[in-house]
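Right, one structure below, let's go through it.
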Amino acid sequence: MLPYTIGNYLAPMLNKSIPGTDHPEFKAAEEAARLRFNGYLSTGGTKSPDHFHRELGKIIWDYCGMERTKEGLTKALSDLPALYEEFKTDLCVTGNGESMNQTLEKAGRVDDFFQLGMLMCRDALDREESCGGHFRSEYQTEEGEALRDDENYCHVSAYQWGGDPMKPNLNVEKLEFEEVHLATRSYK
Amino acid sequence: MSHNLKNITLKIWRQDGPQAKGNFETHVIDEITDEASFLEMLDILNDNLVHAGKEAVVFDHDCREGICGTCSLMIDGQAHGPQRGTATCQLHMRQFQDNAVITIEPWRASAFPLIKDLMVDRSAFDRVIESGGYITAETGGAPDANLIPIAKTIADAAMDSAECIGCGACVAACPNGAANLFTAAKVAHLNRLPQGQAERFSRVESMVETMDEYFGSCTNHGECEAACPKEISIDVIALMHKDYRKAKFSNRKDLARK
């Protein structure tokens, strides 16, 4: 079971020999993973990954739910890096990296959730309109329906990892409608 | 109305790896709400252990709604605990009393080698499923409903066996470590339906023989049926044996070629 975007990359590898574990790419990936996990194990702090998971979840739940505001997202984007910094300095992961360690696994996941959480808030703040599952309460019709801004946000976008979770690179591709024209669906 | 249970003693099996020596470790939970699920109780224990600088207890869990088959646990000697027809994740602390002493062990069966603490490797089940192979069915869009007429009684019986979530409680409960209930449920699920007929006999033969490579033999104890969180009847084992016997005749051309 693979994400459907990966199959296309793997298909040309069919019936070819599998690269060995002495391949430099494998060694580099293994070393990066080892460094990352040793980092969690040696933080030597006082709080469990579950503690940070709950604190992070509360911020996202409060400020980056289906209804978001500029004020709330700005607050989330100031709270999140502070909590992430605490995660990096006050994390406590017991056990070791030699046998099954679910606390260590959780630490890795929570680290990812932090980065994804910051990205979600950043994107929600950047998109000054309401559309689909993104409802910015500043942008609504008199009847409380989502108000799109096709002038400025008629595009698809994807963020690219640039090393700092607070500064992702935004890639934008404009949407152009030739045969069917943009309309607003009514749910009434 | 919820209330808090007091003074719960847990005797938990700890073992660092398949070759390490294991032992029971005692933990006392002073107070816990009876609305907590059994796994939430373990989550709280683990969070307390980590904050105290101790290693958390390893246990398997995923959906926590009784449909994925990931959770396990022998609780007071019963697979999935004292509540009938449910998985461990559906068990709640309200099933227990104040001052209870609860023993928690992993599945114990030689086909399920221990990974750590309460987690075991159930990939022998995957080998049985793999050996069942494919069914001949057209791929593409979903077919229209009722395109193949199936009698209600047959559809219901197939669904009863398809309910198997592959948790391994049947193997853990069996004194022989047999996987007959699991394998038979999977065999019966397809063998009862028209879509399963093309490979019916080759499938049952290879699944039974793969099962025999890993698991013990069935001697009709019936412990599996009592432990099954989906209450699958051991009747499916009779269907599997019948089909296996038939397969030995219907597959004789294949046997002659071997």
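Chains as they are written, first to last, in our numbering: chain S, 1 to 188; chain C, 1001 to 1258. Using N, Cα and C, we set each Cβ at its ideal position, and we do this for glycine too.
Simplified DSSP assignment, three categories, for residue i
i	result
serine 1131(C)	helix
histidine 53(S)	helix
cysteine 131(S)	strand
isoleucine 1232(C)	coil
leucine 147(S)	coil
leucine 91(S)	strand
alanine 1052(C)	coil
isoleucine 1044(C)	helix
arginine 136(S)	strand
methionine 195(S)	Absent from the structure is residue 195(S), since the part of chain S shown begins at 1 and ends at 188.
methionine 1074(C)	strand
histidine 1037(C)	According to the sequence displayed, residue 1037(C) carries serine and not histidine. Of the three classes helix, strand and coil, the one that applies to serine 1037(C) here is strand, per DSSP.
alanine 1079(C)	strand
glutamate 25(S)	helix
alanine 1020(C)	coil
asparagine 96(S)	coil
asparagine 1260(C)	With chain C covering 1001 to 1258 only, the question about residue 1260(C) has no answer from this structure.
arginine 185(S)	coil
Short Cβ contact (9 Å threshold) for residue i with residue j
i	j	result
aspartate 1039(C)	histidine 1061(C)	Rather than aspartate, the amino acid found at residue 1039(C) in this sequence is leucine. Yes, these two residues count as a Cβ contact at 9 Å.
phenylalanine 1249(C)	alanine 1179(C)	no
glutamate 128(S)	tyrosine 153(S)	yes
methionine 1041(C)	methionine 1093(C)	yes
glycine 95(S)	leucine 104(S)	yes
alanine 1158(C)	leucine 1190(C)	yes
valine 1058(C)	lysine 1116(C)	yes
glutamine 102(S)	proline 165(S)	no
alanine 76(S)	cysteine 64(S)	yes
lysine 16(S)	histidine 53(S)	no
arginine 122(S)	proline 168(S)	yes
aspartate 1156(C)	serine 1233(C)	no
aspartate 150(S)	leucine 182(S)	yes
glycine 1177(C)	alanine 1227(C)	no
The beta strand (DSSP E) enclosing residue i, as first and last residue numbers
i	result
arginine 1014(C)	1004–1014
valine 180(S)	First-last for valine 180(S): undefined, no H or E at that position.
lysine 174(S)	169–174
threonine 1033(C)	1023–1033
Delimiting residues of the alpha helix (DSSP H) encompassing residue i
i	result
threonine 103(S)	102–126
serine 157(S)	Looking at the DSSP string, serine 157(S) is not in any alpha helix (DSSP H); the run it does join, the beta strand (DSSP E), is 155–160.
histidine 1189(C)	1180–1191
alanine 1172(C)	1169–1173
aspartate 1060(C)	Counting along the chain, aspartate 1060(C) falls outside any alpha helix (DSSP H), and DSSP gives it neither H nor E.
arginine 1084(C)	Careful: arginine 1084(C) lies outside any alpha helix (DSSP H) and carries neither H nor E.
glycine 1066(C)	Taken as a continuous stretch (DSSP letters only), glycine 1066(C) belongs to no alpha helix (DSSP H), as it is neither H nor E.
serine 1202(C)	1200–1214
glutamate 142(S)	No alpha helix (DSSP H) contains glutamate 142(S), which DSSP labels as neither H nor E.
cysteine 1224(C)	1223–1227
Exercise. Determine, using beta-carbon pairs with one atom in the stretch 1045–1055 of chain C and one in the stretch 1070–1079 of chain C, whether at least three such pairs fall under 8 Å.
Key: A contact between stretches requires three or more CB pairs, one per stretch, nearer than 8 Å, and the stretch 1045–1055 of chain C fails this requirement with the stretch 1070–1079 of chain C.
Quiz prompt | Continuous beta strand (DSSP E) assignments of at least 3 residues falling wholly in the stretch 1089–1158 of chain C | solution = Fully enclosed beta strand (DSSP E) runs of 3 or longer: 1101–1105, 1114–1116.
Self-check item: Contact between the stretch 1161–1181 of chain C and the stretch 1059–1073 of chain C (3+ Cβ pairs under 8 Å)
Solution: Three or more pairs of CB atoms, one per stretch, sit closer than 8 Å, so the stretch 1161–1181 of chain C contacts the stretch 1059–1073 of chain C.
Self-check item: the stretch 1241–1248 of chain C / the stretch 1196–1208 of chain C touching (three or more Cβ pairs under 8 Å)
Solution: A contact is defined here as three or more CB-CB pairs under 8 Å, and the stretch 1241–1248 of chain C meets this definition with respect to the stretch 1196–1208 of chain C.
Practice problem: Just list the alpha helix (DSSP H) runs in the stretch 27–73 of chain S, keeping only unbroken ones of 4 residues or longer that don't cross its boundaries, in chain order. | Solution: Those alpha helix (DSSP H) runs which fall completely within the stretch 27–73 of chain S and span 4+ residues are 49–63.
Quiz item: Are the stretch 1002–1009 of chain C and the stretch 1096–1113 of chain C touching, with three or more C-beta to C-beta distances below 8 Å?
Solution: With a cut-off of 8 Å, the stretch 1096–1113 of chain C and the stretch 1002–1009 of chain C count as touching, because enough Cβ pairs lie within range.
Practice problem: Decide if the stretch 1206–1215 of chain C is in contact with the stretch 1130–1148 of chain C; the criterion is three or more beta carbon pairs, one per stretch, under 8 Å apart. | Solution: By the Cβ rule, the stretch 1206–1215 of chain C counts as touching the stretch 1130–1148 of chain C, because three or more pairs are nearer than 8 Å.
Quiz item: Would you call the stretch 8–28 of chain S and the stretch 82–90 of chain S touching, i.e. three or more CB-CB distances under 8 Å?
Solution: Taking a contact to require three or more Cβ pairs closer than 8 Å, the stretch 8–28 of chain S and the stretch 82–90 of chain S do not qualify as touching.
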